[in-house]
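Structure, as structure tokens:
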DNA sequence: ACCTGAACACCGTTCAAGT
DNA sequence: ACCTGAACACCGTTCAAGT
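Here's what the structure looks like:
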């Protein structure tokens, strides 16, 4: 029975929605999304699997809860602390770095964030916490961005984070387990791509952190141009 | 039996890998990824489902084939025609527009492109056709970019396309079918987000095409700065 | 050579029954 | 009130059997 052992120190006490979602996040972190099954998650919690349906509408809703929960970690991150920001540039930088930390902390969960169907059908759903979006729109409009530009910034910023972090996170977790992830048989042959071979060291090198800083700064510069008739805000000293 | 009727004019003749992958792409376009099942795909091809295993290693490998096939549509697109490009800027613009057309033509397939596990473990796998990556690296190095910068451009460009197109494509296909997509019960309430409500018209407005042009141009400007000691290439006239 | 029937181990989900 | 056993309809996959 390889999927037991839910909480480190937590009591073996009653199930509820919070505990189930938290367990699902830890389960995915440990075993990967493809291993998450209602019955296995039940076993992980010391319970029989169908018991979960008493607290959660079903598997799809559970996954939505997982995404929401992980994205909402932002609001508990002391290095983010969005309420006490020093201007919109600082706010967006904290947000970006906080979300990057989350993506790196939950690399198996993050692709789920990108691909779940939308919660509110009319809001393009990238980094899906409505709380997160609301907070960002508030800061941007308070900073003087028009409603239209605030929405445009939201789209640009979240598509940047989505693409960048998805790219960075994929290809991690190579050593997830002993023989798990059963090595899908590829249908194509990898030979015959000389430049891929020659540039291999540059493609696999891990310059992700620096790439991220540079791309983020370029985006913020671009956003600043939307602000009506003000000098570009002074460049901040490097965030942590 | 709602999942029959494979090819418009194609003969009902022998199965092979190509025909199966093409059918899978069309099936996903029509019914969505979540409906794709070996047995339903079999029925779609007028065959019994287990028959597919004679030509395809399994479901996972089939999905890899679907991704590869869709991304490789680029090489058949006459508006792309990457072999006859006029410099790297033109090449990247054609590539970007071609990939956007593909994403919009196969909105149900595109998220798969973003989330399949890597083919070659050392190449960060965004827009996964190795043929595509090889071609791009060749153009960039021929244009004078160092190996290191060519790899950096590949990462920046593909993460841009990944994030942007994933965002644009999600939230399409609302009317996929009559009562399909059984309206997952959300666990949270949508009320209490005043700015989301106020900016709703700006968030749902479809300015995607123009956004895309602007973000692409900004990225290309940024890439041009990597090219050693040359003036920025002249701005091209608006691509189609 | 290629497809099918039957079978296996496993899914998500429901619900009457236990405690 | 909360969990379990049994059941249902459906998965992916294998393989001996049909044609």
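Residue numbers (the working numbering), protein chains in the order written: chain A, -1 to 238; chain B, -1 to 238.
Yeah, the Cβ is synthetic: ideal placement off N, Cα and C, and Gly gets one too.
Asked                                                                                                                                            : Found
Any C-beta of chain A under 8 Å from that of residue 52 (chain B)                                                                                : no
Chain A contact residues for residue 191 (chain B), given Cβ-Cβ distances below 8 Å                                                              : 128, 129, 131 and 132
Continuous alpha helix (DSSP H) assignments of at least 4 residues falling wholly in the segment 82 to 115 of chain B                            : 85 to 103 and 108 to 113
Min CB distance residue 248 (chain A) to chain B below 8 Å                                                                                       : There is no way to answer for residue 248 (chain A), as the model of chain A reaches only from -1 to 238.
Under 8 Å by beta carbon: chain B residues contacting residue 154 (chain A)                                                                      : 209 and 213
Nonlocal neighbours in the same chain, by C-beta distance under 8 Å from residue 167 (chain A), ignoring five residues either side               : 101, 102, 105, 108 and 109
Per-residue contacts from residue 146 (chain A) into chain B (C-beta, under 8 Å)                                                                 : 200
Within chain B, partners of residue 109 (chain A) - CB distance below 7 Å                                                                        : 113
Exposure label - residue 51 (chain B); buried when at least 16 CB within 10 Å                                                                    : exposed
Contacts around residue 184 (chain B), its chain only, beta-carbon distance under 6 Å, and the 5 residues preceding and following it disregarded : Note that residue 184 (chain B) scores 45 on pLDDT, short of 50, meaning its location in the model is unreliable and no value can be drawn from it.
CB contact check: residue 139 (chain A) to chain B, cutoff 8 Å                                                                                   : yes
For residue 12 (chain A), three-class secondary structure by DSSP                                                                                : coil
Alpha carbon of residue 92 (chain B) to alpha carbon of residue 86 (chain B), nearest angstrom                                                   : 10 Å
Neighbour-count burial assignment, residue 79 (chain B), 16 or more Cβ in a 10 Å radius                                                          : exposed
Counted within 10 angstroms of its Cβ, other Cβ atoms place residue 12 (chain B) as buried (16 or more) or exposed                               : exposed
Three or more C-beta pairs below 8 Å linking the segment 141 to 150 of chain A and the segment 128 to 142 of chain B                             : no
Where residue 205 (chain B) falls, given that 16 or more other Cβ within 10 Å makes a residue buried                                             : exposed
Contacts that residue 157 (chain B) makes with chain A (C-beta to C-beta distance below 7 Å)                                                     : 161, 162 and 165
Residue span of the alpha helix (DSSP H) that contains residue 36 (chain B), given as start and end                                              : 36 to 42
Closest Cα partner of residue 54 (chain B) within the set B:37, B:83, B:30 and B:19                                                              : B:19
Through-space distance from residue 111 (chain A) to residue 213 (chain B), alpha-carbon basis                                                   : 23 Å
Nearest-angstrom Cα separation, counted from residue 69 (chain A) out to residue 38 (chain B)                                                    : 35 Å
Nearest-angstrom Cα separation, counted from residue 225 (chain A) out to residue 15 (chain B)                                                   : 54 Å
Alpha-carbon to alpha-carbon, residue 96 (chain B) and residue 129 (chain B)                                                                     : 15 Å
Selected residue, minimal CA-CA separation from residue 163 (chain B), among B:138, B:209, B:34 and B:82                                         : B:209
Residue 74 (chain A) (DSSP reduced to helix, strand or coil)                                                                                     : helix
Straight-line Cα distance separating residue 48 (chain B) from residue 244 (chain B)                                                             : Residue 244 (chain B) cannot be examined here, being either before or after the span of chain B that is shown, -1 to 238.
Residue 27 (chain B) to residue 34 (chain B) span [Cα, whole Å]                                                                                  : 10 Å
Partner residues on chain B for residue 97 (chain A), Cβ-Cβ distance less than 7 Å                                                               : None at all; the shortest Cβ gap to chain B is about 12 Å.
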